[in-house]
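Right, one structure below, let's go through it.
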Amino acid sequence: MLYFGTPVVLISSSNEDGSANLAPMSSAFWVGSSGMLGLDETSQTTLNLARTGECVLNLAHAGLVAAVDRLALLTGTPTVPDHKLRKGYRHEADKFGAAGLTPLPSDKVAPPRVAECLVHLEAVVNRMHPFGEPGSGVVAIDVQVVRVHVEQDLLMTGSNRYVDPDRWDPLIMKFLEFYGGGRNLHPSRLAQGWGVPRRAPVAES
Ligand SMILES: Cc1cc2nc3c(=O)[nH]c(=O)nc-3n(C[C@H](O)[C@H](O)[C@H](O)COP(=O)(O)O)c2cc1C
């Protein structure tokens, strides 16, 4: 497994009936004002992005770990695909409710933001590409950020352009476990679903 550590994003998108879907993901990076997202092609989020071309990337801070974990084994897809059923996933239409998170209207796209997140990136899809070996079932989605919202407290004093890295405490997904500030924060349903062995605690020196 090559999940060495990436930030957790709660991605909101619009379902066919106009309701909101919300899903945790962490195969994400940004260059300039573009982002690249690695998503399972069967996920409701992927289907929504292909159909509507819009999403919000709500960046999760370490304090949201319990809410993220509540979403871990849920899908907005009404017919849960076999590979997810085997890991213990179930369908959930109300992901905001299931997570205990609050929808907040966006400025430029239809899917709502997550009020509890301190950073929201409203985005539109540039292109979708197949990713990995043939049959991997993963797509790489190239998105353009069209509006950035950052909580004022995260900005460097006297700046409206630069986030102070000391003030931003991202939730990190590392080998399917939750980390913040270099520490394991919370048990992970995702790691359980994938059958990752629990490791022995590291002795404090
Ligand atoms: C912390 C975390 C990170 C995840 N990262 C990804 C990811 O990068 N790509 C992906 O396809 N699924 C990822 N997942 C799994 C999705 O959340 C899962 O496929 C979910 O069912 C998608 O929801 P949807 O079908 O409603 O879109 C992650 C799950 C968790 C809990």
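The opening residue of the sequence shown carries number 363 in this note's numbering; numbering runs sequentially from there. Positions of the beta carbon are idealized from the N, C-alpha and C atoms, including for glycine. If you're wondering where the values come from, they're calculated on a predicted model, not measured in any experiment.
Looking only at Val418, Leu538, Asn488, Ser376, the smallest Cα-Cα distance to Trp556 is reached by Leu538. An exposed status is given to Lys470, since fewer than 16 other beta-carbon atoms sit within 10 Å of its beta-carbon.
Taking the Cα positions, Asp431 is about 19 Å away from Arg561. By the neighbour-count definition (other C-beta atoms within 10 Å, threshold 16), Glu484 is a buried residue.
Taking the Cα of Ala434 as reference, the smallest distance to any Cα among Ser521, Val371, Asp444, Glu403 is reached at Val371. For Asn420, the three-state secondary structure derived from DSSP is strand.
A straight-line Cα-Cα distance of about 15 Å links His511 and Val486. Annotated three-state conformation of Val507 is strand, per DSSP. For Phe493, the enclosing beta strand (DSSP E) has its first and last residue at 481 to 493. In the three-state scheme derived from DSSP, where H, G and I count as helix and E and B as strand, Ala455 is classed as coil.
Closest in C-alpha terms to Thr408, from the list Arg509, Ala502, Leu516, Val507, comes Ala502.
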